[in-house]
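First the structure, in the form of structure tokens, and then the observations on it.
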Amino acid sequence: MISEDIQIIDLDATHWNNLLKLFGGEFYEHRPQKKGAGRASLRIIHQEGKALKAIHSQKGLLRDFDFPGPDSLEELARREDVKRILLVERSAPRRLMHQVQSRLSLDDNMVVQGLTIYECVRDQFENKGFMVWPERPLRDVKYSAIQAILKMAIPAEELVMLVIFDTEGNTEDLSGFPILTSLVLRFDSKHEIDLFTTTDGLVPNGLTLGKDWRKDYKKILESARKTWGKVFLGIFTDLAGMAELDKTPMPGQAKALLEMEKGEKLIIDPFPMRLKMMLKMGGLAGKK
Amino acid sequence: MGIQVTSKGLLLDGNLTPLISGTLHYWRLDVENWGPLLDLVKGMGFDVVETYIPWSVHELDKGNFDFGDHRKNRDLDRFLKLVKERGLWVSVRPGPHINAEITYFGYPRRVLADPACQSRSVDGDPVWLPVPPKMFPAPSYAAEAFYKEVAGWYDAVCPIIRENLYPKGPVITIQTDNEFSNMFRTSAYDHDYHPDAIKLYHEFLEEKYKSIDALNKAYRSRYSKFDEVLPAREFAARDRDDLPYYLDWVEYREYYMFNALRRLKRMFEERGIVGIPVTHNYPCGYDMPPNNYTLIESELDFHGPDMYPQRRQYLELKSLVQFAAGLSRYPCIPEFSSGGFLWSLPLGLEDQRFTTPATFMHGIKGINFYMIVDRERWYGAPVSRDGRRRPGYYEFYSQFNRILKSYRIPELEKQTEVLLLSNRDYERLQIASTILDPLPPIMPDMLPPEAHCSEECLGFAQPIQMDAWIMDQAFFFGLNAAKITFNRGNTSQPLSALKKYKVILVSTFEFLAREVQEKLKAYAESGGFLVLGPHLPDFDENMQACTILKDACKEPRLIAGKMPVVGHHCGSGTVVWIQTVLPQADKKTRPGQTTILLRSLADQAGVSFTYTCEDPAIDTVLHQDSQTRILFIANTMDDDRSAEIKLGARETLLDVQSGEEFSGDGTASVPVPGFTVRIMEVRT
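The listed protein sequences correspond, in order, to chains V and B.
Using our numbering, the letters of the first sequence correspond one by one to residues 1 to 288.
Using our numbering, the letters of the second sequence correspond one by one to residues 1001 to 1684.
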């Protein structure tokens, strides 16, 4: 899913940091403030029922820790007033590393490699090398399933792009565009991402933008097509549009997206039929 | 040597040239842009540029290299000639490891795929580096097969470098490898268990002990030859007598790194790369195993820590720079953030404006801005790859270079009388006694000993591996809170380096290497003020009775009121023994009794407190020579402050950037916005 020859290019610092903030929710005033520390957690390394190390997230290291054993984690959580416990058996990291390092392959892409590690971690949890309380089973994830969905959703050698315009005129980056942030991904013939870039890469081709993003987005589309290839999906909006979408609780976002698109708060162009169908189905599912 | 290394820069034909440079990667740029981009770099005031030379890019297949015949932007010689034409110098880094966010870190895939070249885990597996966009197995820097491959690369690239060496050409430094540190995986029991690495381990033991009898005495063992000693696989010591074997294993891992860098340096020399400094860079500046500044600089000319700090990481930055300033022949940062890579913490101009002068404030004399020209897999350099100037960034570097040059800042001496020593014996014990092996595959400073070390006392009064860290942290945060300017060092430093300081602080417990005990005693006897504790050692590194420091302490007298602190005469100096582990300290907790104690000890030793500010958020450091005095004032928090600075009689402060002048009757009030370093000239 990630090409080993991926080009990550033309990222402006402001542009990139804005993208991180956008996905991190830092731009949305409606999001609740981060709560305080809340209840604590406990990490324990043990061997044959004896705790070798216990670290409390708020109190720090607990020396001479009285450990009731791996079968009494709920009781321990009550005693220590913690909301989560991670228990690591002394030799489990070594077993995990052996499993991982003997299975990884240079012929696999990084997503496959990552899933190989995930499988080994899952195995350690199943065999109680690692334990968490409250227990949370790790789901079985298959690369082939992810790949199949991706192939169905996005054609090979085409782009998807997200552009968030800055209608306040606060953004100062290298491009000079009134764009808060953007992201352009291209998938190669193997459906691996081979290009990760932003609209900054369109500047050398002479792109200029005005002040009305609902008109300007077409220029971006055309320039992107000339520069990087066919655009499969383009999403264009401003921060207000993103905030409105973010405010909508799941599962109502698909419906909200369609309504915003209708009201031009957000433009999807091209709007692939398969995506439109999926959103409509999602919108129906979101109806009460 | 044609080029002389000094503590302030390189002497080129007698002219001091501080290494203030910026990186651009020629092979990632259009060849038509090379000249204009170099002009832009020069336009920012740089005299030196820096580049990697990537093996995997130049090698088409084994033994077949492209230096411009296939692709113009691989024409290294042409690039170096363009550098020369512009009157610039260049530092080159031909690997074999280069990272550079390049897939496979610059190693050819075929080399990494060769089992004979791969580092091995304790279970004999390849050792994978979890880095995007593709994980790959780390090479073994002990494997003969790997060095054979590297020799092929060096055979190809070194003739081009040799043709462009100073004084005929622009190449003034060359770096061996890159960010070694066992490929970011520093656990003692993670790797390298390659057969050639185990052979090297036995050579190390033989070099250290000379005879098997000496080793048997230290290990309480009955080996008949060195190659019978099995490498340590996990920490299983029960008592202090078991420790020498494990401490040696960690020391060997330092030797492994040293041996690799020495070997690569010699491979350069065999190919005619002589007469210029050979350097290296750490991915982390903490001088903890396997890093060993003193050992590495016994072979290389200088090296330093790479740093990509956010502005909120001021104390981490300060600490790393203090190590470089206290340990290196020429304190440099080979890579300092000018932009960042995507999977690092986000960085922007506001970070760079604060952190860049902060490095010079704490003693850096040379810096390489990485990257000064943008490229793929990077963001935030001041110049884009097609030659556009990034607003704010280009002006910042231009102005900063002007200030460095106008006020000769790299030439000034940081005024410090205090050295905080890390204790190599206890650092080795920390690394040896991990119970989270083979994790952590990250740097030791990211995971403190209390998070991964055994809590066993091992026959001592307390778990030294954990309490030594607490003591070090207490000293570090205590010195900061007490407003004492200091450098950091390590017990492996020579006595001559220690003697430069009026006061030395070091944690000591029940064992301490004989050589270190002798060195510290000699320091105190020669008039130094040595602060140690919580124990005076009873044993040496082999757990044999050794009370050199204890025997040297005469005529005890109580020093501090509330804490058990005793002073001793020692020759013409003083040994102060803090007889307890100081209270735990960190960024948020700085116990007042430690601050008061350290302030009182500094007063007794005659340490100067002029130009300090009592506000805990304000840090100050003075640099000076016979002509110029520069005071750095840092506001380390995000809110604006007014710094009340203690001045000498009739002194004023002039902001070298804005031209504002501040004076007062013994104290000047200087407004300092949040996360800002003001650079002030002290005028009389």
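Where a beta carbon is used, it is the ideal one built from N, C-alpha and C, also for glycine.
C-beta atoms of L279/V and L258/V nearer than 8 angstroms: yes
Inter-residue spacing [alpha-carbon to alpha-carbon] between D1013/B and Q1627/B: 24 angstroms
Residues of the region 159-191 of chain V whose Cβ lies closer than 7 angstroms to any Cβ of chain B, in chain order: E172, L174
Exposure label - F23/V; buried when at least 16 CB within 10 Å: exposed
R1271/B versus L1076/B: straight-line alpha-carbon distance, rounded: 17 angstroms
7 angstroms Cβ cut-off: residues of chain B touching Q101/V: S1121, D1125, P1126, V1127, W1128
Within-8 angstroms CB hit, S1140/B to chain V: no
Expected contact under 8 angstroms - CB spacing of T1434/B and F1235/B to nearest Å: 6 angstroms
Partners in chain B for K53/V, counting only beta-carbon separations shorter than 9 angstroms: I1435, L1436, E1450, A1451, H1452, C1453, S1454, E1455
R1162/B: CB within 7 angstroms of a non-hydrogen atom of the ligand ADP: This structure simply doesn't include the ligand ADP, nor any ligand for that matter.
Collapsed DSSP secondary structure at G1152/B in the structure displayed: helix
Cβ-based contacts, 8 angstroms cut-off: residues of the region 245-256 of chain V near chain B: none
Chain B contact for W213/V (CB, 8 angstroms cutoff): no
Coil, strand or helix - I1435/B by DSSP: coil
Under 9 angstroms by beta carbon: chain B residues contacting W228/V: Those do not exist, as W228/V stays about 14 angstroms from chain B at its closest Cβ, beyond 9 angstroms.
Residue interval of the beta strand (DSSP E) (run including S1669/B): 1667-1672
Beta bridge counterpart(s) of F1136/B as assigned by DSSP: L1129/B
Status (buried if at least 16 other CB within 10 Å, exposed otherwise) for E1427/B: buried
Residues near D123/V by beta carbon distance below 7 angstroms, same chain, minus five either side: Q99
Beta-carbon proximity of L298/V to P178/V, cut-off 8 angstroms: Within the shown structure, residues of chain V are numbered from 1 to 288, placing residue 298/V beyond reach of any answer.
CB-CB length for P1685/B against R1253/B, believed under 8 angstroms: Any property of residue 1685/B remains undetermined from this structure, which presents chain B solely from 1001 to 1684.
For K288/V, the three-state DSSP class (helix, strand or coil): Below a pLDDT of 50, predicted positions are generally treated as unreliable, and K288/V, at 45, falls in that range; the measurement from the model is reported next regardless. It is coil, neither helix nor strand.
Residues near V1005/B by beta carbon distance below 7 angstroms, same chain, minus five either side: P1277, D1301, F1302, R1329, Y1330
Endpoints, alpha helix (DSSP H) assigned at F1204/B: 1195-1209
Simplified DSSP state of L11/V, which is helix, strand or coil: strand
Coil, strand or helix - G1014/B by DSSP: coil
Inter-residue CB distance, R1385/B and N1490/B (contact presumed, cutoff 8 angstroms): Contact flag wrong, Cβ pair sits at about 41 angstroms.
The region 1516-1525 of chain B contacting the region 1535-1550 of chain B, beta-carbon criterion three pairs below 8 angstroms: yes
Reduced DSSP secondary structure (H/G/I, E/B, other) of G282/V: helix
Test: R136/V CB closer than 8 angstroms to a CB of chain A: Of the protein chains in the structure, V and B, none is chain A.
T199/V: contacting residues in chain B (beta-carbon distance under 7 angstroms): Result: empty, since nearest Cβ-Cβ is about 14 angstroms, beyond 7 angstroms.
Cut-off 6 angstroms between Cβ atoms - residues of its own chain near G1095/B, not counting five sequence neighbours on either side: W1055, G1106
Pair within 8 angstroms by beta-carbon distance, D1437/B and S1669/B: no
Within the region 1479-1524 of chain B, ranges of the alpha helix (DSSP H) (whole runs, at least 4 residues): 1495-1498
Interface residues of chain B facing I9/V [CB-CB closer than 9 angstroms]: D1374, R1375, E1376, R1377, W1378, R1385
Rounded C-alpha distance that separates F130/V from W1469/B: 28 angstroms
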